Amino acid sequence: MSRLKLVTLAACVLFCSVGARANPFLEITAQVRQEIEIRTKIPSKFPQSFIDWFEKHFSAGTKDPASVFPEWHYNFALNLEQRVVLHCNLALMRREALLPFVGTIFAVDFKGAIRFEESQADFLFKVLEAVDYSGHFKASRGGIRGLRSPTIGLGMHFLELLPQKDIEAHFDYENPGKFTEAPWSILTRGLRHIRVDLNSWHDRSPASTLNAFRKQNSKETCDLAPSDLTEIGLFRNE
Numbered sequence: 001m002s003r004l005k006l007v008t009l010a011a012c013v014l015f016c017s018v019g020a021r022a023n024p025f026l027e028i029t030a031q032v033r034q035e036i037e038i039r040t041k042i043p044s045k046f047p048q049s050f051i052d053w054f055e056k057h058f059s060a061g062t063k064d065p066a067s068v069f070p071e072w073h074y075n076f077a078l079n080l081e082q083r084v085v086l087h088c089n090l091a092l093m094r095r096e097a098l099l100p101f102v103g104t105i106f107a108v109d110f111k112g113a114i115r116f117e118e119s120q121a122d123f124l125f126k127v128l129e130a131v132d133y134s135g136h137f138k139a140s141r142g143g144i145r146g147l148r149s150p151t152i153g154l155g156m157h158f159l160e161l162l163p164q165k166d167i168e169a170h171f172d173y174e175n176p177g178k179f180t181e182a183p184w185s186i187l188t189r190g191l192r193h194i195r196v197d198l199n200s201w202h203d204r205s206p207a208s209t210l211n212a213f214r215k216q217n218s219k220e221t222c223d224l225a226p227s228d229l230t231e232i233g234l235f236r237n238e
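Using our numbering, you'd call the opening residue of the sequence shown number 1 and step up by one each time.
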């Protein structure tokens, strides 16, 4: 290869690595992208930051703003920590075939929770009970009612909230499961849940969340974008 070609190639590599910005939304799989698109809340009035982005990237009349709002929201309204929370909740619910019961997601917090609209909460809770979710270990604390997964360790917890009657879903690192063992074992699990999930939620980070998931499956990435996995320090193909 000539010296000119080498210099040109080096310049291209430098430009691509410095000048280009990753688009995590377009990096995730089509299935997961669609799952997020249909659950993204479209506001009645778009924020100015979205309008500026839209006008910069699309000519007038070529795109419906609502059709690309989920992409902007995912990339710019959610930070890395929130994207990890969103993906890991969806991954656990997909694994348990609960994703069809998740409505429009309107909030993603930093403690592992998403909140979504659910007009048929009674039906959702009947489905959860049918797959052995229970109200053990004060699952209803902080809401109208709550149910937690029977899984010991990493597990889901659903809570119907006041006053809007929306649903909060979050994963616990140390879900205590059900009252099916000796009292000492139940007490131990309960204390571990209090220490890890209730008292130390502020210690959660994207890396610690993914590591909790990877204890069950060493290849688990929660279907995050490769650029996000790289930023966290994990790689899809490792």
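The beta carbon of each residue, even a glycine, is placed where N, CA and C say it ideally should be.
Given the structure is predicted, the values throughout are model-derived calculations rather than measurements.
Have a look at the DSSP bridge pairing and note the partners of residue i.
i      : result
His157 : Arg148 and His170
Ile28  : Its beta-bridge partners do not exist; DSSP assigns none.
Thr230 : Thr230 is not bridged to any residue.
Thr209 : DSSP output for Thr209 lists no bridge partner at all.
Go ahead and pull the three-state DSSP assignment for residue i.
i      : result
Val102 : coil
Ala97  : coil
Thr62  : coil
Thr221 : coil
Asn175 : strand
Ala139 : coil
Ala107 : strand
Trp184 : Bear in mind that a pLDDT of 49 at Trp184, under 50, signals an unreliable position, so the model cannot answer this.
Going by C-alpha distance, which of the options is nearest residue i?
i      : options                           : result
Pro163 : Glu117, Tyr133, Gln82 and Ala113  : Glu117
Val84  : His170, Val127, Phe69 and Phe123  : His170
Leu159 : Asn175, Ala121, Asp132 and Ile152 : Ala121
His87  : Gln34, Ser218 and Gly177          : Gln34
Gln48  : His73, Thr62, Glu231 and Leu147   : His73
Glu174 : Lys215, Arg141 and Asp166         : Lys215
Asp172 : Phe54, Phe46 and Leu92            : Leu92
Leu147 : Ser119, Lys138 and Leu154         : Lys138
Glu27  : Leu78, Glu71 and Arg39            : Glu71
Trp53  : Pro65, Pro43 and Ser44            : Pro65
Ser44  : Arg204, Phe69 and Ala212          : Phe69
Arg95  : Leu154, Asn23, Asp228 and Pro176  : Leu154
Lys111 : Leu224, Arg204 and Glu231         : Arg204
Val127 : Thr221, Glu37, Lys219 and Pro100  : Pro100
Asn89  : Asp223, Leu234 and Ile232         : Asp223
Between residue i and residue j, how many whole angstroms is the CB-CB distance? I'm expecting something under 8 angstroms.
i      : j      : result
Glu81  : Pro206 : 6 angstroms
Lys134 : Lys178 : Just to set this straight, residue 134 is Ser in the shown sequence, not Lys. Sure, about 5 angstroms apart at Cβ, within 8 angstroms.
> Whole alpha helix (DSSP H) runs in the stretch 110-135 with 4 or more residues, listed along the chain?
Replying inline: 121-130
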